[in-house]
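Let me begin by presenting the structure, written as structure tokens, before commenting on it.
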Amino acid sequence: MYKTLRATLLAIYAAIILVPCMIVITGAFKSDFEIYTKPLALPTAWSLKNFHKLFVESNIARPFMNSVIVSAFSVFFTLLFASLAAYSIARLVTLTGRILFLLFSLGLAIPGQVNIIPIYHLFVNLHLNNSLLGLILVNIALTLPISIFILSAFFKDLPKEMFECAGMDGAGQFRIYRSIALPLSKPALGATAIFLFVICWNDLLYPLMLITETAKKTLPLILIDYKGEYFTSYSMQFAAILVASLPMVVMYLFMQRTFQAGLTAGAVKG
Amino acid sequence: MALPAFLVYASLYLYPALSNLLYATQRWDGITKPTFTGLRNLTYLTTQDDLFRKALGNNLRFMLVVVLFQTAFALLFATFLLKNSKTNIFLRIVFFFPTILSSVSVGIIWTFLYDPSYGSITAFLKAIGMGSHAPLWLGNERITLYSIALTQVWFHTGQMIVIYVAGLQQIPKELYEAADVDGASRWQQFKGITWPMALPTTAVVVAYTTIQTFRAFDLIFAMTGGGPSYASEILVTQIYNNAFISQKFGYASAESVILVALVLFITWLQRKSLRLNDGTK
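Read top to bottom, the protein sequences are chains R and U. Each residue of the first sequence is one higher than the one before, counting from 0 in numbering that gives the first Met the number 0. Each residue of the second sequence is one higher than the one before, counting from 0 in numbering that gives the first Met the number 0.
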């Protein structure tokens, strides 16, 4: 009885996840008429028309590259700044460290989305709207608190003795950070990197507010544009979703564990 | 060593958060000089703005529905997938998959599924002979919010399953073995062991899900933009619309101050009730 119930529910849930995915994947290669009449069937002829249109007419490569640039720089600098700060908070137990930690914890409590109005005006004044640099700066600021939280918890769990020995051998704090703390925390850094990458790659709110020039738009923003432009053609929208999700999906296929660790670390540690 | 982080954080997080408080006391269209109006924005919002009340109500209903169903489903499926067998690990990977997609992609996929003429859900209902009952999922004011809530649950349950599995695997096996010896049924084991032992994990799942529902801007913007007639408007979408569509920047800032207070209050409430349940107060 329990076994049948379990198997049935698992099968239904798996179908609810996989069927929409199949509709999108096959739909990108179909005509719209085929999507409406036979959403689940394989395409009668695999057509690359939609992709041709996306890359040639709409130049989706542009927003794709913008997303790559914004995500890569945001993740790199967040990790760098956060690991430095987390190291000093976790290993140098001083008053400043504690105050810093409190300040960053404040950022965990205030949802970053409530800052849209002041950030918008600040960035317009600094001419950082319509700039990828602006998006990168916003991403770093928004993801620093949670990254510091995850990394400092990890640094605290590393064995004290290693740091003490290195200190006695005359290594400076920066040297200890670089040669001991960082190499030992590769798994945590990897998981945090994935977590940050997913956030930056998928974010809509801040690009929506800060970017109006087509040449600077990122993928989520361009998907919203396509939704309006091709509202009669789901096959086009599906093709665009495939292109926009491909890097994440490929990475997920190879690193499911890191993804699962990264995307749940924020919850468990926070 | 913390200096770079502190500089970025102070100038692009703390400073904006503080200036938000200042904006909240002003009437400002974003172009002309702002005028100081004191607490008028706040009092108007809380006493006279029906749309704010509607968005607040939507936000709370959205939160309750998503937290309830997402947590229940996640716990149920985590108990199904507890053992690290090959099938279970594979299924966890499948269920987790939507989490890596963008809200915009998920929103577009579900806009199609909910499409009244061509969508797969309507097609499915027709196939099982219930086509005449198919409502306008995103067009009917009374159900739009719940349709989006269902999408949100589809989107993030897998993530919560993974959190639950990690938590449930910490429960000592001996407890279940002893219960088996005593002849306890599965339901009794769940009630007596799994549920109380998983309370700390439940707290994490509930807190995280709550925050996610307050951040659902991207999904709602991609699916309905808050419509029809504000039926799916939540606080963040309303703040966005008030500021960037209606150019009422001061007013929108006041609203975001209320949002912060609300999120802090709910977080505090959940922590408190959890600790009481936990007995470790």
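Even for Gly, the Cβ is constructed at its ideal location relative to N, Cα and C.
query: Tell me the residue span of the alpha helix (DSSP H) that contains U:TRP186.; result: 185-188
query: First and last residue of the alpha helix (DSSP H) that includes R:TRP200?; result: 185-201
query: Leaving out five residues on either side along the sequence, give the residues of the same chain with a beta carbon under 6 Å from the beta carbon of U:LEU261.; result: none
query: Would you report the Cα separation of R:TYR233 and U:ILE107, rounded to the nearest angstrom?; result: 9 Å
query: Expressed to the nearest angstrom, what Euclidean distance is found between the alpha-carbon atoms of U:PHE61 and U:LEU112?; result: 20 Å
query: R:THR263 touches chain U at which residues, Cβ-Cβ below 8 Å?; result: GLN158, VAL161, ILE162, ALA165
query: With which residues is R:THR142 paired in a DSSP beta bridge?; result: Bridge partners of R:THR142: none, in fact.
query: Note down, in chain order, every chain U residue with its Cβ under 8 Å from the Cβ of R:LEU136.; result: VAL7, LEU11
query: Taking any Cβ of chain U, which residues in the stretch 108-120 of chain R have a Cβ under 8 Å from it, in chain order?; result: ALA108, ILE109, PRO110, GLY111, GLN112, VAL113, ASN114, ILE115, ILE116, PRO117, ILE118, TYR119, HIS120
query: For R:PHE80, return the contacting residues in chain U, with the cut-off set at a CB-CB distance below 7 Å.; result: PRO3, ALA4, VAL7
query: Rounded to whole angstroms, what's the CA-CA distance from U:ARG141 to R:SER184? Just pull it up for me.; result: 50 Å
query: Can you tell me where the alpha helix (DSSP H) holding U:ASP217 begins and where it ends?; result: 216-222
query: Measure the C-alpha to C-alpha separation of U:SER231 and U:LEU144 and round it to an integer number of angstroms.; result: 5 Å
query: Could you tell me the boundaries of the alpha helix (DSSP H) in which R:THR77 lies?; result: 60-90
query: With DSSP collapsed to three states, give me the class of U:THR34.; result: strand
query: Give me the chain U residues within the contact set of R:PHE197, using Cβ-Cβ distance strictly less than 7 Å, ordered along the chain.; result: Note that residue 197 of chain R is Val in the sequence shown, not Phe. ILE99, listed in chain order.
query: What in chain U is Cβ-close to R:LYS29, meaning under 7 Å?; result: Per Cβ cutoff of 7 Å: no residues; R:LYS29 is ~12 Å from chain U at best.
query: Bridge partners of R:ARG256, per DSSP?; result: DSSP output for R:ARG256 lists no bridge partner at all.
query: Pull up the distance between the alpha-carbon of U:TRP153 and that of R:ILE15, whole angstroms please.; result: 8 Å
query: Please list the partners that R:LEU17 has in chain U, where partner means a Cβ-to-Cβ separation under 8 Å.; result: VAL93
query: Inspect the beta-carbon positions of R:ILE118 and R:LEU204 and report whether they are closer than 8 Å.; result: no
query: Quick check on U:ARG270: does DSSP put it in helix, strand or coil?; result: helix
query: Considering only their Cβ atoms, is the gap separating R:ASN49 from R:MET235 smaller than 8 Å?; result: yes
query: Let me know the secondary structure DSSP gives U:ARG141 once reduced to three states.; result: coil
query: When the Cβ atoms of the stretch 148-157 of chain R are set against those of the stretch 172-184 of chain R, are three or more pairs found closer than 8 Å?; result: yes
query: Just verifying my parser: in three-state terms, what is the DSSP assignment at U:LYS280?; result: Residue placement at U:LYS280 is poorly supported in this model, since its pLDDT is 34, which falls under 50; the coordinates are not used for a value here.
query: Rounded to a whole number of angstroms, what is the C-alpha to C-alpha distance between U:GLN211 and R:GLN255?; result: 22 Å
query: Please name the residue in R:ILE193, R:ALA260, R:GLU212 whose C-alpha comes closest to that of R:SER70.; result: R:ILE193
query: Which residue from U:GLY249, U:LEU74, U:GLN151, U:PRO134 puts its Cα closest to that of U:GLY37?; result: U:GLY249
query: Helix, strand or coil for R:LYS268, going by three-state DSSP, please let me know.; result: Reliability fails at R:LYS268, whose pLDDT of 46 lies under 50, so the model's placement of it is uncertain and the value that follows must be treated cautiously. Reduced to three states, the DSSP call for R:LYS268 is helix.
query: Kindly say whether U:LYS280, judged by its beta-carbon, lies nearer than 8 Å to any beta-carbon of chain R.; result: Note that U:LYS280 has pLDDT 34, beneath the 50 cutoff, so the model's placement of it is unreliable and the number below is only indicative. Closer than 8 Å: no.
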